[in-house]
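Enquirer: Just so we're aligned, residue 60 is where the sequence shown starts under this note's numbering, counting upward by one. Think of the CB as a built atom: it goes at the ideal place given N, C-alpha and C, for glycine as much as any other residue.
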Amino acid sequence: MVTIIRIRHDKLGSKVYVPPPPDPDEMVMDAQTFKDLEIFAAEQEGASLFDLCNATRTDGGAKALRTRMKKPWSTPARIRAVQESISFILQHRPLFERMPSDVMTVGVENYLHGALPLVMSDNAFEFWIGALEVRFGDFRPYHRIVRGVQAAAGMVSMLRRLISAPQLGSAAGELGQRLGAIRALLAHPALATVHDEEMWSQKAWSVLRMDQMFRLREKDTIDQLLHLAYEVDALVSMADATRQHAFVMPEIHEGALAVEAEAVAHPFIQNAVPNPLALDQQHRMLFLTGPNMAGKTTYLRACGIALYLAHLGMGVPARAFRFSPCQRLFSSITVADNVRSGVSFFRAEALRVKAIAQAVTDGYRVVALMDEPFKGTNVKDALDASRAILERFAAKEDCLFLVSSHLIELGDQVVATGQVDCRHFEAGEREGRLRFEYVLKPGVSTQRLGMRVLREEGIFDLLDAERGTPPVSAA
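#1: Check whether the stretch 241-256 and the stretch 283-293 are in contact - that is, three or more C-beta pairs closer than 8 Å.
#2: Is S223 buried or exposed, if buried means 16 or more other CB atoms sit within 10 Å of its CB?
#3: Can G372 and F484 be called in contact, C-beta distance under 8 Å?
#4: Does DSSP put P529 in a helix, in a strand, or in coil?
#5: Helix, strand or coil: which one does DSSP assign to E515?
#6: Nearest-angstrom Cα distance between I281 and A121?
#7: What do you get for G207, buried or exposed, if any count of 16 or more other CB atoms within 10 angstroms of its CB means buried?
#8: Identify which residue in T420, H342, R125 and G363 has its Cα closest to the Cα of V323.
#9: Looking only at its chain, what residues have a beta carbon closer than 8 Å to the beta carbon of H254, apart from the 5 residues adjacent to it on each side?
#10: So the candidates are G349, I311 and D339; which of them puts its Cα closest to the Cα of R139?
#11: Buried or exposed for N437, please, with buried defined as at least 16 other CB atoms from any protein chain shown within 10 angstroms of its CB.
#12: Across which residues does DSSP place G487 in a beta bridge pair?
#13: By alpha-carbon positions, which one of M344, P309, Y358 and N351 ends up nearest to A331?
#14: Would you kindly report the start and end of the unbroken alpha helix (DSSP H) that includes M297?
#15: If you drop the 5 nearest sequence neighbours on each side, which residues of the same chain put their C-beta closer than 6 Å to that of A427?
#16: Would you call the stretch 469-487 and the stretch 338-355 in contact, with 3 or more CB pairs under 8 Å?
#17: Beta-carbon within less than 6 Å of R494's beta-carbon, same chain only, minus the 5 sequence neighbours each way: which residues are those?
#18: When the Cα of A251 is compared with those of A315, E277 and R482, which residue comes out closest?
#19: With a threshold of 16 other CB atoms inside 10 Å of the CB of F155, please say whether the residue is buried or exposed.
#20: Using the three-state DSSP reduction, which class does A353 fall into: helix, strand or coil?
#21: Cβ of K500 within 8 Å of Cβ of R482?
#22: Tell me, please, whether the CB atom of Q142 is closer than 8 Å to any CB atom in chain C?
#23: In the DSSP assignment, find the alpha helix (DSSP H) that holds T252 and state where it starts and stops.
#24: Within its chain, find whatever has a CB closer than 6 Å to the CB of G374; leave out the 5 residues flanking it on each side and keep chain order.
#25: Between M86 and P384, is the Cβ-Cβ spacing less than 8 Å?
#26: Using beta-carbon positions only, say whether R137 and D84 come within less than 8 Å of one another.
#27: Below 8 Å between beta carbons: does that hold for L234 and F147?
#28: If the criterion is Cβ atoms closer than 8 Å, does the pair E319 and P135 meet it?
#29: Going by the DSSP bridge assignment, what does L388 pair with across the sheet?
#30: Whose C-alpha, out of F519, R199, A123 and S464, is nearest the C-alpha of A293?
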């Protein structure tokens with residue numbers, strides 16, 4: 060495969076690297092969306108979604124999993140290929156205990172790519188002379204070679220035992236492809252005689268011949284085996300996370316963009332209250348209202364995470380989940396101003412909406428999560444801007460939008476478009492204090508609790524009290 064590096068020149072004539080276009084089978088997410096959904100880093104101290112999914116045995120497997128999580132799929136065929144792999148692994152999980160360990164794979168990588176002497180010649184006499192120099196020179200390089208040959212031979216033998224299991228012959232999807240590639244590489248004649256045996260008891264001649272085979276003639280083969288082992292490790296980790304967290308495998312539908320979930324919940328919240336989600340081309344937009352702390356933002360994140368995991372091909376935190384894949388997933392939850400670049404909060408919001416609008420206009424199947432858009436301006440501008448934008452978004456075919464807002468006045472206006480489903484969270488009361496049930500209900504919220512919360516926290520009492528005198532320092 061040929062890799063093409065594209066270069067353009069900026070206004071000053073400097074060369075600028077242009078990243079390659081994304082794979083058309085990938086679902087594209089930008090940095091803001093990865094941040095909002097806490098895919099690789101949590102907002103506060105705690106685990107990220109990557110941490111939740113990472114049960115890999117090897118560091119290379121963790122890197123392979125991270126690469127996967129950066130590039131979810133957007134086509135039913137690619138997603139099903141991962142789903143089939145995970146389902147197969149869950150049915151035959153004990154077989155994958157035979158996978159190479161981190162100690163073994165790190166040993167092989169260090170051996171293959173380390174600075175060690177290598178006897179290059181195939182000529183018997185020249186090889187013998189070179190072998191003597193390596194064996195009886197500085198003992199440390201030879202000992203490292205022996206350990207490396209031991210690790211490589213052990214990995215080859217372990218992978219051979221893995222694929223020899225009859226059950227793996229029926230593996231489907233990506234897993235079947237990876238195991239088939241491993242099987243083909245292990246069929247190389249040079250590897251046929253490799254066994255997991257104690258190398259320290261072998262003659263130096265035999266060890267260095269095997270070293271020559273591993274690092275000269277079959278180096279690419281061993282590198283490919285490592286890469287494939289890491290990919291299988293990542294798939295096993297996704298299967299383990301699906302089982303450990305009792306995730307359900309989504310059902311994929313082809314056709315117009317839609318998503319339907321029963322009892323979707325945020326995976327980081329213990330005893331989370333599950334809620335439904337249903338959007339299709341009759342109801343392309345969910346308009347979500349409710350007071351602060353009622354659960355709007357958490358619900359948006361829960362839906363976004365579930366949809367993201369579904370596009371990865373693994374299970375999701377729900378009782379049932381059905382969807383047709385999208386091509387772009389956007390989130391606008393933690394948008395902030397940028398003092399250094401002179402971007403105000405409202406302009407940052409506008410730029411975020413512009414990015415979503417551009418993807419929609421370009422014809423992509425877009426799902427966008429928008430938490431209280433245009434809160435960075437006055438109420439009138441926020442109302443006018445929200446109405447104008449939401450009406451246009453709701454009219455866009457093959458796109459879905461989940462929008463939360465405190466602007467309950469928008470409810471009647473956006474419902475008039477015909478493609479908007481209004482839902483809300485509300486607060487109850489117990490023993491004179493506000494209590495939140497986090498249960499999604501139909502319609503637009505009419506609760507206004509800002510003043511109530513300020514009174515409950517005693518803020519007015521503090522401000523109405525007479526001003527005291529601070530204590531005098533003893534110094």
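Expert: Answer, in terms of the structure:
#1: yes
#2: exposed
#3: no
#4: coil
#5: helix
#6: 19 Å
#7: buried
#8: G363
#9: A212 and S216
#10: I311
#11: exposed
#12: R494
#13: Y358
#14: K278 to Q303
#15: F389, I415 and F460
#16: yes
#17: G487
#18: E277
#19: buried
#20: coil
#21: yes
#22: Within the model displayed, chain C is absent; a lone protein chain is all it includes.
#23: Here T252 belongs to no alpha helix (DSSP H), and DSSP marks it neither H nor E.
#24: T301, F306, V307 and M308
#25: yes
#26: yes
#27: yes
#28: no
#29: V426
#30: A123
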